[in-house]
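Take a look at the structure below.
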Amino acid sequence: MKVLIAGGAGFIGSTIASCLIDAGHQPVILDNLVTGRREFCEGRPFYEGDIADRAVVDRIFDEHPDILAVVHCAALIVVPESVARPIHYYRENVAKTLELVDHLLARGVTRLVFSSSASIYEPNDEFSVDESSALAASSPYARTKLVVEQMLTDITAATPLRVLSLRYFNPIGADPKMRTGLQITAPSHALGKLIEAHRAGVPFRVTGTDYPTRDGSGIRDYVHVWDLAGAHLGALEVFDSLFADDRRYQVINLGTGAGTTVLELVAAFNEVVDGTVTVERAPRRPGDQAGAYTRSSRAADLLGWRAEHSVADGIRDTLAWFAQREHVLPDLAGVSTRPGDRSA
Numbered sequence: 001m002k003v004l005i006a007g008g009a010g011f012i013g014s015t016i017a018s019c020l021i022d023a024g025h026q027p028v029i030l031d032n033l034v035t036g037r038r039e040f041c042e043g044r045p046f047y048e049g050d051i052a053d054r055a056v057v058d059r060i061f062d063e064h065p066d067i068l069a070v071v072h073c074a075a076l077i078v079v080p081e082s083v084a085r086p087i088h089y090y091r092e093n094v095a096k097t098l099e100l101v102d103h104l105l106a107r108g109v110t111r112l113v114f115s116s117s118a119s120i121y122e123p124n125d126e127f128s129v130d131e132s133s134a135l136a137a138s139s140p141y142a143r144t145k146l147v148v149e150q151m152l153t154d155i156t157a158a159t160p161l162r163v164l165s166l167r168y169f170n171p172i173g174a175d176p177k178m179r180t181g182l183q184i185t186a187p188s189h190a191l192g193k194l195i196e197a198h199r200a201g202v203p204f205r206v207t208g209t210d211y212p213t214r215d216g217s218g219i220r221d222y223v224h225v226w227d228l229a230g231a232h233l234g235a236l237e238v239f240d241s242l243f244a245d246d247r248r249y250q251v252i253n254l255g256t257g258a259g260t261t262v263l264e265l266v267a268a269f270n271e272v273v274d275g276t277v278t279v280e281r282a283p284r285r286p287g288d289q290a291g292a293y294t295r296s297s298r299a300a301d302l303l304g305w306r307a308e309h310s311v312a313d314g315i316r317d318t319l320a321w322f323a324q325r326e327h328v329l330p331d332l333a334g335v336s337t338r339p340g341d342r343s344a
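Numbering (the numbering used here), first residue to last: 1 to 344.
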């Protein structure tokens with residue numbers, strides 16, 4: 001199967017491409033390289049350009065008329081930046097997706113896998129969400145994902161387009177073969193901050209230890225990026241069967257089914273690294289929330305998918321990637337993280 005991956009030079013998109021290649025499929029990459037890396041496209045058909053650029057999209061389909069499906073991973077994802085630049089985020093994530101979908105339909109492409117976000121959910125008192133949970137996006141970034149999903153729902157009701165939205169929280173780890181991994185210099189999630197604290201030899205600041213979770217710290221859903229890639233592969237391979245009952249829009253959560261608290265993440269990290277990171281407990285920050293994780297029984301039922309890698313696996317692969325990524329991304333030689341706020 002030949003598949004167009006929009007955003008295929010980024011962390012998640014490039015890992016999906018590697019997974020497709022390993023399974024005998026052919027990814028074609030479209031990426032504007034705003035955050036993606038050209039190095040991740042080596043040996044893969046690659047088109048540098050914007051998803052809203054009709055000339056580039058036309059060129060792709062003229063040269064690859066046998067593309068059968070599209071995986072859409074192209075988006076800006078930094079929550080604080082989305083708060084500061086909402087117009088930019090709505091233009092990049094929403095308006096350009098509309099242009100892409102309009103052009104896909106004009107080219108006769110009717111299979112779309114949308115890489116969405118579980119941040120659009122409103123968590124319940126147990127901090128878990130499934131596909132029927134209430135939606136309450138809490139940031140401009142999350143709202144762009146929700147608006148795109150609502151937009152795609154309306155489009156599928158009026159056109160031949162069929163869309164599968166895959167919702168998940170926090171990807172960690174790297175391609176186990178170390179072909180691709182996180183390309184940004186300073187990850188903003190808790191694992192990135194843990195790595196910073198470990199390398200600097202300073203305590204890791206846990207902000208908020210009075211949540212009604214199992215140990216008082218916030219809870220997150222860390223999913224290995226290779227598991228996420230496998231879910232996208234599985235979705236593409238069974239895509240048509242997911243819509244056998246004339247349903248044109250489908251949603252599937254991807255998660256661990258249990259979640260990991262911040263203190264559990266620290267404990268798992270300390271089991272993997274030499275030496276230990278100590279914890280400094282601090283009050284919640286304004287706007288902090290306990291967090292949530294996904295219940296993913298639908299993924300098991302429809303895709304035969306379950307998260308196979310542990311949080312410790314994700315930590316090991318993240319560290320392994322940081323240790324050698326300069327061989328793939330030479331400009332990051334000697335740079336893995338930056339000093340900054342080491343709290344979560």
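Using N, Cα and C, we set each Cβ at its ideal position, and we do this for glycine too.
task = Using a Cβ-Cβ cut-off of 9 Å, state whether E196 counts as contacting chain B.
result = Of the chains in the structure shown, none is chain B; there is only one protein chain.
ask   = Do the CB positions of I77 and V28 come within less than 9 Å of each other?
value = As a working note, residue 77 is residue 77 in the sequence shown. As a working note, residue 28 is residue 28 in the sequence shown. Result no, Cβ atoms of I77 and V28 do not sit closer than 9 Å.
Ranges of the alpha helix (DSSP H) found wholly within the segment 284-341, counting only runs of at least 4 = 297-303, 311-324
ask   = Less than 9 Å separating the beta-carbons of F349 and V277?
value = This structure leaves residue 349 out entirely; the chain is present only between 1 and 344.
query = Among H88, G291, L20, which has the Cα closest to the Cα of R214?
reply = The residue given as residue 214 occupies position 214 in the sequence shown. Taking only the C-alpha atoms, the option nearest R214 is G291.
task = Indicate the three-state DSSP secondary structure (helix, strand or coil) for F269 in the structure shown.
result = Residue numbering aside, residue 269 sits at position 269 when the sequence shown is read from its first letter. Helix, per DSSP.
ask   = Since H72 sits in a beta bridge, which residues does DSSP pair it with?
value = By 1-based counting over the sequence shown, the position of residue 72 is 72. Answer by DSSP bridge pairing, in chain order: A6, F114.
ask   = Would you report the Cα separation of E48 and E92, rounded to the nearest angstrom?
value = The residue labelled residue 48 in the question sits at position 48 within the sequence shown. The residue labelled residue 92 in the question sits at position 92 within the sequence shown. In a straight line, the C-alpha of E48 is about 16 Å away from that of E92.
query = Ends of the beta strand (DSSP E) at S139?
reply = As a position in the sequence shown, residue 139 is number 139, starting the count at 1. Per DSSP, S139 belongs to no beta strand (DSSP E) and is neither H nor E.
query = DSSP three-state call for D53: helix, strand or coil?
reply = The count along the sequence shown starts at 1 and reaches residue 53 at position 53. D53: coil per DSSP, three-state reduction.
message = So for Q150, helix, strand or coil by DSSP?
response = By 1-based counting over the sequence shown, the position of residue 150 is 150. DSSP places Q150 in helix when its eight states are reduced to three.
request  = Name, in chain order, the residues that DSSP records as bridge partners for S165.
outcome  = Here residue 165 refers to the residue found at position 165 when the sequence shown is read from its first residue. S165 pairs with F114, V251.
ask   = Using DSSP with H/G/I as helix, E/B as strand and the rest coil, what is R37?
value = Here residue 37 refers to the residue found at position 37 when the sequence shown is read from its first residue. Three-state result, R37: coil.
inquiry  = Let me confirm a value: Q250 is counted as buried when at least 16 other C-beta atoms fall within 10 Å, else exposed. Which label applies?
reply    = By one-based count along the sequence shown, residue 250 stands at place 250. By the 10 Å Cβ count, Q250 comes out buried.
request  = Evaluate the contact criterion for the segment 197-211 versus the segment 279-287: three or more CB pairs, one atom per stretch, below 8 Å.
outcome  = yes
ask   = What's the C-alpha gap between V223 and N253?
value = As a first step, residue 223 is located in the sequence shown; it is residue number 223 there, counting from the start. As a first step, residue 253 is located in the sequence shown; it is residue number 253 there, counting from the start. Distance between the alpha carbons of V223 and N253: 11 Å.
key: Backbone secondary structure at R85 - three-state DSSP   = Within the sequence shown, the letter at position 85 stands for residue 85. Looking at R85 - three-state DSSP - the assignment turns out to be coil, as it is neither helix nor strand.
task = Please report the Cβ distance between M1 and L164, rounded to the nearest whole angstrom; I am assuming they are in contact, meaning their Cβ atoms lie under 8 Å.
result = As a first step, residue 1 must be located in the sequence shown, where it is residue number 1. As a first step, residue 164 must be located in the sequence shown, where it is residue number 164. Contact doesn't hold; Cβ gap of about 15 Å is too wide.
query = How would you call R342, buried or exposed, if buried means at least 16 neighbouring beta carbons within 10 angstroms?
reply = Locating residue 342 in the sequence shown gives position 342, counting from the first residue. Any reading at R342 must be qualified, since the residue scores a pLDDT of 29, below 50, and its modelled position is unreliable; no value is offered.
Three-state secondary structure assigned by DSSP to F127 = Residue 127 sits at position 127 when you count from the first residue of the sequence shown. Three-state DSSP puts F127 in coil, outside helix and strand.
key: Same chain only: Cβ atoms within 7 Å of I12, ignoring 5 sequence neighbours per side   = If you number the sequence shown from 1, residue 12 lands on position 12. Excluding positions up to five away in sequence, the list reads C73, S115, P171, V225, L228.
inquiry  = Let me confirm a value: S336 is counted as buried when at least 16 other C-beta atoms fall within 10 Å, else exposed. Which label applies?
reply    = By one-based count along the sequence shown, residue 336 stands at place 336. Here S336 scores only 46 on pLDDT, less than 50, and its place in the model should not be relied on; the value that follows carries that caveat. Classification of S336: buried, given that the 10 Å Cβ count is 16 or more.
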